[in-house]
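Trainee: Could you have a look at this structure, given as structure tokens, before my questions?
Residue numbers (this note's numbering): 2 to 492.
Okay, structure coming up:
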């Protein structure tokens, strides 16, 4: 491991192998009840639930079967993969019944909490009645959820298309924009992630997630576009970007791409309000209004990817784009929409939605009764339990405590995000912002041993992604930070 300085300790450790996708570090499990060198080990907050005994195959058996029968492209966190067999609200349980605080939420997916009783009840009732028919027949579940979802949207965003995932939703949104405008050029942001199908892989702008297949991609610097591709604009990254927090300066690159890389007309612009896979990067203030203005002037549609930031996760607003004071033409969503059920959606205006009547558009499972019944239950739980407000209150407390850790440890270069969508970037040199890749893996491993699960992301794999269920409490937040503090104090 590279050497680095904290304000408490200077030490060197053994060299650690790092990988962008998963940890290669092995650590011995530590008990909660002991003390290490007289420094108290944080303890999980009390929780009134014990899972039933697990009698299934062991982690080793599952891993062996996975290696034999599943795609070798599948990777996992941790040197000793975690066998999750039970979940309840903000906690997960392994095969031995050990409890973990879920600070990752299934990649910003579990919003209400694992196995929330209201969501489970809605799913069970629906599956006992009818699990699937087809949208060629009538069923109230899809219509009820579409109505409820439309009520949460600003402006005239009232027409809903259901899909099975965020990738599908973004693919459909890009196609709608191209059909509506008659143009092919799409502008997205560098460092963005929008999916892994042909169109969305083109809009994605990290080499790690892009295969060497035809994507019709044109870089922001290549001005020889054949008007059939995706252009990647400068990322308005306040931490690593060239213009700091000046959103309007970054937005000039969007206009430059339109002027010098297209015919002057574009199909659309797609972006997240907070980049999730990209490392919890909140777009610089005032960026979207300026970028949207250029896109509108060029006849394009503005697409907001709310797959991770939507459904109250940012706390201050129900949708991430609202924090920048804009109203998109198309909004895509998934993950939190179903609390773990495979469900996605595209919401747009009645006028724009008409373009899909030019041919037959159909999705076999999109909007099936089981998924939409679950989606409606999720929406009702978010409202009934004030989970957006909880994300704001608990998320603000958590971010404040993480910022205090930044003051304490030099390895923390940045703390960012909103609500319960937070990122902590580790660097070995604050001035150079050198990514601390191995240290990131080490901290994740050690926090798991203490009973805390968090994710990681960013182009360099050095950003902790903290996206827990929205039922997270202040006690949970304190435990997460205490576990991180304890781990870093040992480095």
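Backbone N, C-alpha and C fix where the C-beta goes; we use that ideal spot for every residue, glycine too.
Since this is a predicted model, take the numbers as computed values, not measurements.
Between residue 514 and the rest of its own chain, which residues show a CB-CB distance below 6 Å, the 5 nearest in sequence each way excluded?
Mentor: Since the first and last residues shown for the chain are 2 and 492, residue 514 lies out of range.
Trainee: Taking the C-alpha atoms as reference points, what is the distance between residue 87 and residue 477?
Mentor: Their backbone Cα atoms lie some 18 Å apart in a straight line.
Trainee: Quick check: the region 280-290 against the region 448-468, are at least 3 beta-carbon pairs closer than 8 Å?
Mentor: Judged by Cβ distances under 8 Å, the region 448-468 makes contact with the region 280-290, as three or more pairs qualify.
Trainee: Starting from residue 297 and walking both ways along the alpha helix (DSSP H), at which residues does that stretch end?
Mentor: Segment 288-298, the alpha helix (DSSP H) holding residue 297.
Trainee: When the Cα atoms are used, what is the spatial distance from residue 285 to residue 327?
Mentor: Roughly 14 Å between the two C-alpha positions.
Trainee: Using 8 Å as the Cβ pair cut-off and three pairs as the minimum, do the region 334-346 and the region 157-174 touch?
Mentor: A contact exists between the region 334-346 and the region 157-174.
Trainee: DSSP on residue 436, reduced to helix/strand/coil?
Mentor: Strand at residue 436.
Trainee: Grouping DSSP H, G and I as helix and E and B as strand, with all else coil, what is residue 370?
Mentor: Of the three classes helix, strand and coil, the one that applies to residue 370 here is helix, per DSSP.
Trainee: Determine the DSSP secondary structure at residue 359, reduced to helix, strand or coil.
Mentor: It is coil, neither helix nor strand.
Trainee: Beta carbon of residue 185, beta carbon of residue 179: below 8 Å?
Mentor: It is a contact, given that the beta carbons lie within the stated cut-off.
Trainee: Between the region 117-124 and the region 377-396, do at least 3 Cβ pairs fall closer than 8 Å?
Mentor: Output reads yes: the region 377-396 touches the region 117-124.
Trainee: Looking at the structure shown, is residue 283 part of a helix, part of a strand, or coil, going by DSSP?
Mentor: In the structure shown, residue 283 sits in a strand (DSSP, three-state: E or B).
Trainee: Which residue spans inside the region 99-164 form an unbroken beta strand (DSSP E) run of at least 3?
Mentor: The qualifying runs are 100-103, 160-164.
Trainee: May I ask you to verify whether the region 122-131 touches the region 478-489, counting CB pairs closer than 8 Å and requiring at least 3?
Mentor: Too few Cβ pairs lie closer than 8 Å, so no.
Trainee: With distance defined between alpha-carbon atoms, name the residue in 434, 394, 307 nearest to residue 473.
Mentor: For the residues 434, 394, 307, the minimum Cα distance to residue 473 belongs to 394.
Trainee: Label residue 426 either buried or exposed according to how many other C-beta atoms from any shown protein chain fall within 10 Å of its C-beta, with 16 as the threshold for buried.
Mentor: Burial call: buried.
Trainee: Please say whether residue 291 and residue 267 have beta carbons closer to each other than 8 Å?
Mentor: Not a contact, by the Cβ cut-off of 8 Å.
Trainee: In terms of alpha-carbon separation, which member of 263, 374, 92, 415 lies closest to residue 132?
Mentor: Measuring from the Cα of residue 132, the nearest candidate turns out to be 374.
Trainee: If you compare alpha carbons, which of 318, 482, 385 is closest to residue 581?
Mentor: With the chain running from 2 to 492 in the structure shown, residue 581 is simply not present.
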